[in-house]
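Sequences listed follow chains G and H, in order. Just so we're aligned: the first sequence equals residues 1 to 319 in full-length UniProt numbering. Just so we're aligned: the second sequence equals residues 1 to 319 in full-length UniProt numbering. What follows is a single structure, written as structure tokens, with notes after it.
Protein chains: 2
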Amino acid sequence: MSTIKDVAKLAGVSVATVSRIINDSPNVSPATRKKVERVIKEINYQPNQVARTLYQKKSRMIGIIIPDLNNRFYAQIIDGIQSILQKKGYSALISFSANSNKKNYLNFINEFQKNNIDGIITAAFDLPATLNLATPLVMYDSANIDDNVARIVSDNIKGGKDCISLLQNQATRVMIQHWPLRLPTVRERVESLVNELNKLNIPYILKKVSENDPEKAAQEVLKKSNRFDAVIAVNDIYAAEIIKEAQRRNLKIPADFQLIGYDNNVLCEYTTPTISTIDQQPKLIGQTAARRLLDLINGKKSSQNSIINVIPIKRNSTY
Amino acid sequence: MSTIKDVAKLAGVSVATVSRIINDSPNVSPATRKKVERVIKEINYQPNQVARTLYQKKSRMIGIIIPDLNNRFYAQIIDGIQSILQKKGYSALISFSANSNKKNYLNFINEFQKNNIDGIITAAFDLPATLNLATPLVMYDSANIDDNVARIVSDNIKGGKDCISLLQNQATRVMIQHWPLRLPTVRERVESLVNELNKLNIPYILKKVSENDPEKAAQEVLKKSNRFDAVIAVNDIYAAEIIKEAQRRNLKIPADFQLIGYDNNVLCEYTTPTISTIDQQPKLIGQTAARRLLDLINGKKSSQNSIINVIPIKRNSTY
DNA sequence: CTGAAAGCGCTTACAG
DNA sequence: CTGAAAGCGCTTACAG
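Structure representation (structure tokens):
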């Protein structure tokens, strides 16, 4: 790899002048600019980003933390983040926090900082109060918490409403399958569901299920199949398992009960029946996260959380 | 962020000594080592990786190129790569080449090199002969080509054989749905299928289908549904679309025809019938790619391609 | 408009 | 075992 010195020597100027040219400084005569640019092209000189970073403390690199790439939801968020970063000339340093424990997060942030990243995009987690991060940071997949962290929040309130409206007033008892309420996003959505049902005077059952075993979770729900005519599942995978379990029990969907998933996984199109669900627009979540981070990096602060709209998708598991 | 100078001053030694200690050099007295280590812990000093990289030309960063994160297959490969890199203390700089055109690839490689990455893991593409890469490079999702590129190759020969054996000698005419044969991996697999069928004296039909429209591809295949009793689909998504199209035409699987996918997508478990398929072990592909790259970086060369075993998965779309 | 010099935070010969 | 110095490849005041 050739360096700025090589260019300077070949063009017969100082390295300072070359530096001015590759940084688009206006204080260069057109003649020398032309001369130097020709040499740059000729030897295909690429400035060493590492040296630049060392001086400028700007790496044009963003650190990203994701819980799990096997989950399409997160994969699409990354996709959205990248689509923005690439356009703006930023690179992405990506880490996976398989079990999403806090220690892992802090380690990753440390690693990022060693590499002088300009900002961090991470799934929501509790930032220890002691950690006073100078690095701009955005959290996605977060609940709508009002602190001074920039949060990208799926509109869980509307998500709950949309689920209920997908039921088309055809439900008389609703089973809400959910993950533990200590998860803030779960709480937001369940509260919204409960609110809506109360408004409509429709009774409901809350069923907390395991976080890692959708098959068992389906059994837990269908044990009580005589007590509801609609199920709102944790997400699409959980809904798909409920379909399988219903087949085993010879229950028809939506005739015996309507079923609603969450996330609009590709899967929804291929089950029988296809699954009505809520699209969280993960790509848009990612894009929004990236835009907000770049804003923060460029000094544009805004204390508001970004609320991302959700879209109900009607398929054959509801009327 | 504190620097090596801060540590040196606080510990009353030179920066050279501090450097020796953070690099585990043996030539340091236990007393000074202890003294310095205490300071390091006290002020939570983290060496600046960027400065280290500038001097050493080793960044402990790997550049990774993926065609598409929305495809679970690639997402799992990344997962495998990361699991190894993280263990070895490497970071991953990731780029997405949405349309996988060659120019994109070369741009990404350029970007990587500006950041002094130590090596590259990329999906297979034609390296221009002019490009003489000094950087270690490994290609995954590649055909078994014999040049001096380190390639990670799915065992497409066995993949073809496994498809045929999933049919359990119950097929008399086989429809092979495939992408264009100009794709080397496609060619490998189709050749293997044809070989096997010839050996067994089973007639077959080759049907080339669109690369982007699985639904249309399903229609193209089922137009000829009276002419076969087994379909080997491009992959699991294509197989799932064939199931949907068969439902529309009131055809039963496997009674009217057996069906085989490829990739072992989660989807396979949730269709009716569930889909028999071939698992390419994408996580293992990723792990192998990472291991081979680290070997290359550490000077352990091997001209052989790594062949990754595939695993047939029997479900209900075959007998 | 241009160049010599200092400095970003490290590492590593070199000398002692 | 330890430190002063040079250097990795850049950028940016400073002086002219």
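Glycine included, each C-beta is placed from N, C-alpha and C at the ideal position.
Annotated three-state conformation of G/Leu-259 is strand, per DSSP. In the three-state reduction of the DSSP assignment, H/Thr-32 falls in the helix class. Think of a sphere of 8 Å around the beta carbon of H/Asn-116: the chain G residues whose beta carbon falls inside it are Asn-48, Gln-49 and Val-50, in chain order. Taking the Cα positions, H/Leu-296 is about 14 Å away from H/Met-61. In this chain, the alpha helix (DSSP H) harbouring H/Gln-86 covers 72 to 87. Within 10 angstroms of the beta-carbon of H/Pro-282 lie 16 or more other beta-carbons, which makes it buried. By the 16-neighbour rule on beta-carbons within 10 angstroms, G/Lys-300 is exposed. Under the three-state reduction of DSSP, H/Ala-218 is assigned to helix. Between H/Ser-276 and H/Lys-314, the beta carbon gap of about 5 Å places them in contact (Cβ cut-off 8 Å). Partner residues in the beta bridge of G/Ile-176, as assigned by DSSP, are G/Leu-206 and G/Ile-232. The shortest CA-to-CA distance from H/Glu-211 to any of H/Glu-188, H/Ile-232, H/Leu-183 and H/Leu-197 is the one to H/Leu-183. Contact annotation: the region 192 to 209 of chain H touches the region 169 to 179 of chain H, with at least three C-beta pairs closer than 8 Å. G/Leu-93 has G/Gly-63 and H/Leu-93 as its beta-bridge partners, per DSSP. Following the DSSP letters along the chain, one finds H/Ala-150 inside the beta strand (DSSP E) bounded by residues 150 to 154.
When C-beta distances to chain H are compared with 7 Å, the residues of the region 74 to 91 of chain G below that value are Ala-75, Gln-76, Ile-78, Asp-79, Gln-82 and Ser-91, in chain order. Per DSSP, G/Ala-123 is one residue of the beta strand (DSSP E) stretching across 119 to 123.
The beta carbon of G/Lys-58 lies closer than 7 Å to those of Asp-118 in the same chain, with the five residues before and after it left out.
Contact note: H/Asn-110 reaches chain G through Gln-46, using a C-beta cutoff of 7 Å and chain order.
Under the DSSP assignment, H/Leu-137 falls in the beta strand (DSSP E) whose first and last residues are 137 to 142. Residue pairing of H/Pro-184 in beta bridges, as defined by DSSP: absent, with no partner found. Taking C-beta separations shorter than 6 Å and ignoring five residues to either side along the sequence, the partners of H/Tyr-90 in its chain run Arg-60 and Ile-62, following chain order. Residues of chain H with a Cβ closer than 8 Å to the Cβ of G/Gln-113 are, in chain order, Met-1 and Gln-46. At a Cβ-Cβ threshold of 8 Å, H/Val-234 and H/Val-209 count as neighbours. Sixteen is the threshold: since fewer than 16 other Cβ atoms of the shown chains lie within 10 Å of the Cβ of G/Ala-31, the residue is exposed. As the crow flies, the alpha-carbon of G/Glu-269 is around 39 Å from that of G/Pro-136.
G/Val-153 is positioned such that its CB atom lies closer than 8 Å to that of G/Ile-307.
About 13 Å separates the CB atoms of H/Leu-259 and H/Ile-237; that is not less than 8 Å, and the two are not in contact.
The three-state reading of DSSP puts H/Pro-312 in strand, counting E and B together. Chain-ordered, the chain G residues with CB closer than 8 Å to the CB of H/Arg-72 read Asn-70, Arg-72 and Ala-75.
Per DSSP, the beta-bridge partners of H/Asp-279 are H/Ile-311.
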